[in-house]
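Written out below as structure tokens is the structure these notes cover.
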Amino acid sequence: MSARWIMVLLPMLPLVAAIGAFAFPRAARSIGSATSLALVPLAGILASMVWRGGELAQFVGGWAAPLGIQLRADGVAVLLLLMVSVVGMLISIYARGYFGPSRASAAGSEARHFWPLWLFLLASLNVLFLSRDAFNLYVALELNGLSAVALVALAGGRAALGSALRYLFVSLTGSLLYLLGVALLYGGYGTVDLVLLAERTTSEPHSWVALALMTGGLMMKSALFPAHFWLPPAHSSAPAPVSAALSALVVKAGFYVLLRLWFEVFGGVVSFEAAQLMGFLGAAAVLWGSLQALIQERLKLLVAYSTVAQLGYLFLLFPLAIGSSQQGMLWTGGLMFLLSHAAAKAAMFLAAGSIQRAAGHDRIRDLDGITHALPVSAFTIGLAGISLVGLPPSAGFIGKWLLLGSSLEQDQWWWVVVILGGSLLAAAYMIRLLSHAFTRTRDTKALHPISWGMEWSAFALALLSFGLGFAASAPARLLENVVLGGSGP
Amino acid sequence: MTDAPNATFLLAGAALFALGLRGIFAGVTPLRQIIAVNVMGNGVFLVFITLAARVAGGRPDPVPQAMVLTGIVVAVCATGLALTLAVRHRQEQNERSGTSPP
Numbered sequence: 001m002s003a004r005w006i007m008v009l010l011p012m013l014p015l016v017a018a019i020g021a022f023a024f025p026r027a028a029r030s031i032g033s034a035t036s037l038a039l040v041p042l043a044g045i046l047a048s049m050v051w052r053g054g055e056l057a058q059f060v061g062g063w064a065a066p067l068g069i070q071l072r073a074d075g076v077a078v079l080l081l082l083m084v085s086v087v088g089m090l091i092s093i094y095a096r097g098y099f100g101p102s103r104a105s106a107a108g109s110e111a112r113h114f115w116p117l118w119l120f121l122l123a124s125l126n127v128l129f130l131s132r133d134a135f136n137l138y139v140a141l142e143l144n145g146l147s148a149v150a151l152v153a154l155a156g157g158r159a160a161l162g163s164a165l166r167y168l169f170v171s172l173t174g175s176l177l178y179l180l181g182v183a184l185l186y187g188g189y190g191t192v193d194l195v196l197l198a199e200r201t202t203s204e205p206h207s208w209v210a211l212a213l214m215t216g217g218l219m220m221k222s223a224l225f226p227a228h229f230w231l232p233p234a235h236s237s238a239p240a241p242v243s244a245a246l247s248a249l250v251v252k253a254g255f256y257v258l259l260r261l262w263f264e265v266f267g268g269v270v271s272f273e274a275a276q277l278m279g280f281l282g283a284a285a286v287l288w289g290s291l292q293a294l295i296q297e298r299l300k301l302l303v304a305y306s307t308v309a310q311l312g313y314l315f316l317l318f319p320l321a322i323g324s325s326q327q328g329m330l331w332t333g334g335l336m337f338l339l340s341h342a343a344a345k346a347a348m349f350l351a352a353g354s355i356q357r358a359a360g361h362d363r364i365r366d367l368d369g370i371t372h373a374l375p376v377s378a379f380t381i382g383l384a385g386i387s388l389v390g391l392p393p394s395a396g397f398i399g400k401w402l403l404l405g406s407s408l409e410q411d412q413w414w415w416v417v418v419i420l421g422g423s424l425l426a427a428a429y430m431i432r433l434l435s436h437a438f439t440r441t442r443d444t445k446a447l448h449p450i451s452w453g454m455e456w457s458a459f460a461l462a463l464l465s466f467g468l469g470f471a472a473s474a475p476a477r478l479l480e481n482v483v484l485g486g487s488g489p
Numbered sequence: 490m491t492d493a494p495n496a497t498f499l500l501a502g503a504a505l506f507a508l509g510l511r512g513i514f515a516g517v518t519p520l521r522q523i524i525a526v527n528v529m530g531n532g533v534f535l536v537f538i539t540l541a542a543r544v545a546g547g548r549p550d551p552v553p554q555a556m557v558l559t560g561i562v563v564a565v566c567a568t569g570l571a572l573t574l575a576v577r578h579r580q581e582q583n584e585r586s587g588t589s590p591p
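Shown next as structure tokens:
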């Protein structure tokens, strides 16, 4: 199969399948599972092509820029596509059990609507990672936001609907800020193609305003402190597979567009001070999110605040990458961190969902004895926690290690304090959680049975986030010919 | 790109955008926020259309117009979703407080 076809199929297959799953609700479960299974080899083949031959590019329908829309796959894009397909497949396996046939009568509409919306979400992520056109990225962001909001609302009930509504307003405000920036860019440079823009942008007031607007909008979408307020209620009130998809995959979409803008398009425009500001917001997110996670009473809220904190680390890439002589190492570290967080966070939310389903609640205080009843889920949380804290040899450790190395190399010691402090706080909230979970009790509580697939798909994700550390050289090789930053074509 | 964009329209677009932004954050009721999002969106569309009129020879540039059309479609979908969520949220609130839905 040629690269052209794969780049078109990656977004089109889930899109068509979503419509199919919507039209034939009885077959939705099979369509959803088969599609997310099929996306893994597609992303894998594309990754191996980029591995061997470098960046791939094509214009959809043969229309060249500025009129046509460009799809491009480079090292960063294929790594994220692989992340979406592999994590997505395991979430689908979990969702088969979670929205299983036994639940069909009780929560029929929840199960019926999950699959089409989930497939729309996968399509929007795939098209986002392949797009190199500012306006096409806007459409992908909107499709992503709308399907994510609808997925949050699936749970029904006052809390879920309220947080879905708030999430929708934040998401729409963010995309309109971004769109105004796109308008200014088109007005100033006559194109929205990122590759052409990279050649044309200069340090002028309208490019600063455009970058500021787009950055503000994307910060809201990726829940960077202080625009994180919508994330914990939205992520914790959704059904477990949705929480996992939102925390692991969706928040990365805004961050990805930010990376492209800051280091590819505006490489020569962004200043040291602006990048430091992004870093400080990231640092505030690390500390605030971790402290909040430490005081949460409910497991799903703890995991959600941990997402706020972990996203903060990603924004430390901005001050470190500006003026770094070893950008390759830094990108490897940042993406290792991003990928391991995706797998670990999905694992934690899925395991938390199993515990909630089995015990009927997710109060951390009352989780004693859960290790005995659900050993696999408890072990999943422990293993994913190790990766989130960043203990060796997990992938989280390698990510943090490379960030630390880069901070020291550039004499920006203040980030070292943040990274180490954040890790200590993460260790504290994980230990608090595990100490409750691993307490033994004699009274065996009545637990709902959890399907085999639910427990083991979460475990596979935890294992993945842990094991990525052993395969760190593969992403590094994929990123070798990535020229994010400091390089016009 | 001979003429400068019409400053009046650009400023009007920016003003609509700012008004909408204020309306969303003021957040009195969901309906008001939904209208605010639409006002904000129209501000962006006005900026796009003003920039499209900038091309030499008096012929407007079709690309921003295509973008505005796409933007309108997205805005309609988002408004529909927001209205549905707001109505359902209101119904849940009424059920909880024991009053019958309007």
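These protein sequence lines are chains G and P, in that order.
The opening residue of the first sequence carries number 1 in this note's numbering; numbering runs sequentially from there.
The opening residue of the second sequence carries number 490 in this note's numbering; numbering runs sequentially from there.
By construction, the Cβ of each residue, glycine as well, lies at the ideal position given by its N, Cα and C atoms.
What you are looking at is a predicted structure, and each value in this text was computed from that prediction instead of being measured.
>> Can you tell me whether S2(G) is helix, strand or coil according to DSSP?
In response: Coil.
> So the beta strand (DSSP E) R72(G) belongs to, where does it begin and stop?
Replying inline: Q70 to A73 is the span of the beta strand (DSSP E), which, as asked, contains R72(G).
> Between L224(G) and L311(G), is the Cβ-Cβ spacing less than 8 Å?
Replying inline: Against a cut-off of 8 Å, the Cβ pair of L311(G) and L224(G) comes out as a contact.
>> Considering just the uninterrupted stretch of the alpha helix (DSSP H) at A38(G), what are its terminal residues?
In response: Counting along the chain, the unbroken alpha helix (DSSP H) around A38(G) starts and ends at A28 to G53.
> Of all the alpha helix (DSSP H) runs that stay within the bounds of the region 199-228 of chain G, which reach a length of 4 or more residues?
Replying inline: Runs of the alpha helix (DSSP H) spanning 4 or more residues and lying entirely within the region 199-228 of chain G occur at 205-221, in chain order.
> Would you say the region 508-515 of chain P touches the region 553-568 of chain P, given that touching needs at least three Cβ pairs under 8 Å?
Replying inline: The region 508-515 of chain P is not in contact with the region 553-568 of chain P.
>> Suppose contacts are defined by Cβ-Cβ distances below 8 Å. Is S324(G) in contact with S407(G) by that definition?
In response: Taking 8 Å as the Cβ cut-off, S324(G) and S407(G) do not qualify as a contacting pair.
> In chain order, what residues of the same chain lie with their CB nearer than 6 Å to the CB of Q292(G), ignoring the 5 residues before and after it?
Replying inline: These residues qualify, in order along the chain: Y305.
>> Please identify, using Cβ separations under 7 Å, the residues of the region 151-181 of chain G that lie next to chain P, in order along the chain.
In response: Listed by position, the residues of the region 151-181 of chain G near chain P (Cβ gap below 7 Å) are A153, G157, R158, L161, G162, A164, L165, L168, F169, L172, T173, L176, L179 and L180.
> Which chain P residues are close to L146(G), counting only those with a beta carbon under 9 Å from its beta carbon?
Replying inline: Those are V563, C566, A567 and L570, listed as they occur along chain P.
> Could one say the Cβ of L500(P) lies closer than 8 Å to chain G's Cβ atoms, at least one of them?
Replying inline: At least 8 Å separates the CB of L500(P) from every CB of chain G.
> Name the chain P residues that come within less than 7 Å of E204(G), Cβ to Cβ?
Replying inline: What E204(G) touches in chain P: nothing, since even the nearest Cβ is about 14 Å away.
>> Let's test the definition: count the other Cβ atoms within 10 Å of the Cβ of G157(G) and tell me whether it reaches 16, buried, or not, exposed.
In response: G157(G) is exposed by the Cβ-count criterion.
>> Is it buried or exposed, G392(G), if we count other Cβ atoms within 10 angstroms and call 16 or more buried?
In response: Sequence inspection shows Pro at residue 392(G); the Gly mentioned does not correspond to that position. Only exposed fits P392(G), as fewer than 16 other CB atoms lie within 10 angstroms of its CB.
> CA-CA distance, S33(G) and Q356(G)?
Replying inline: Using only the alpha carbons, I get a separation of about 23 Å.
> Which full runs of the alpha helix (DSSP H) of 4+ residues lie inside the region 324-383 of chain G, going along the chain?
Replying inline: Taken in chain order, the complete alpha helix (DSSP H) segments of 4 residues or longer contained in the region 324-383 of chain G are 327-359 and 370-373.
> Bridge partners of A57(G), per DSSP?
Replying inline: Beta-bridge pairing links A57(G) to R72(G).
> Thinking C-beta only, is A47(G) closer than 8 Å to L82(G)?
Replying inline: Annotated as proximal: L82(G) and A47(G), with beta-carbon spacing under 8 Å.
>> I'd like to know whether the C-beta of P549(P) is nearer than 8 Å to at least one C-beta of chain G.
In response: Using a Cβ-Cβ cut-off of 8 Å, P549(P) does not count as an interface residue toward chain G, since no Cβ of chain G sits closer than that to its own.
>> Quick test of your reading: Q410(G) and L320(G), contact by CB under 8 Å. State the CB separation rounded to the nearest angstrom.
In response: Yes, Q410(G) and L320(G) are in contact; Cβ-Cβ is about 7 Å, under 8 Å.
> Should F229(G) be flagged as near chain P, meaning a C-beta pair shorter than 8 Å?
Replying inline: Under the Cβ distance rule, F229(G) does not count among the residues neighbouring chain P, no pair being separated by less than 8 Å.
> What does V209(G) touch in chain P if you count any residue whose Cβ is under 8 Å from its own?
Replying inline: Against chain P, a Cβ distance below 8 Å from V209(G) picks out nothing, because the smallest value is about 10 Å.
> To which residues of the same chain is G502(P) closer than 6 Å at the C-beta, ignoring the five residues directly before and after it?
Replying inline: The answer, listed in chain order, is G532, L535 and V536.
> Taking the alpha helix (DSSP H) that P319(G) falls in, what are its first and last residues?
Replying inline: Here the alpha helix (DSSP H) through P319(G) covers L317 to A321.
>> According to DSSP, is R521(P) part of a helix, a strand, or is it coil?
In response: Here R521(P) sits in helix by DSSP.
>> Let me check understanding here. Comparing Cα to Cα, which of G20(G), L79(G), V195(G) and L338(G) lies closest to D133(G)?
In response: Of the listed residues, the one whose Cα sits closest to D133(G) is V195(G).
>> Counting beta carbon pairs with one atom in the region 233-253 of chain G and one in the region 266-275 of chain G, are three or more of them shorter than 8 Å?
In response: In this structure the region 266-275 of chain G does not lie against the region 233-253 of chain G, because fewer than three pairs of beta carbons, one per stretch, are closer than 8 Å.
> In chain P, what lies closer than 7 Å to F135(G) by C-beta?
Replying inline: By Cβ distance, chain P contributes M556.
>> I'd like to know whether the C-beta of T518(P) is nearer than 8 Å to at least one C-beta of chain G.
In response: It does not; no Cβ of chain G falls within 8 Å.
> In three-state terms, what does DSSP make of R112(G)?
Replying inline: Helix, per DSSP.
> Name the DSSP beta bridge partners of S131(G), please?
Replying inline: Residue pairing from DSSP places S131(G) in a beta bridge opposite L71(G).
> So what does D550(P) bridge to, in DSSP terms?
Replying inline: According to DSSP, which records beta bridges pairwise, D550(P) is partnered with nothing at all.
> According to DSSP, what are the bridge partners of D193(G)?
Replying inline: DSSP output for D193(G) lists D133(G) as bridge partner(s).
> Tell me which same chain residues have a C-beta within less than 7 Å of the C-beta of L218(G), skipping the five on either side of it?
Replying inline: So the qualifying residues of the chain are G174, Y178, G254, V257 and L258.
>> With a threshold of 8 Å, are at least 3 pairs of Cβ atoms found where one atom belongs to the region 385-404 of chain G and the other to the region 458-476 of chain G?
In response: With a cut-off of 8 Å, the region 458-476 of chain G and the region 385-404 of chain G count as touching, because enough Cβ pairs lie within range.
>> Please report the straight-line C-alpha distance between F379(G) and E455(G), rounded to a whole angstrom.
In response: Each residue's alpha carbon lies about 10 Å from the other.
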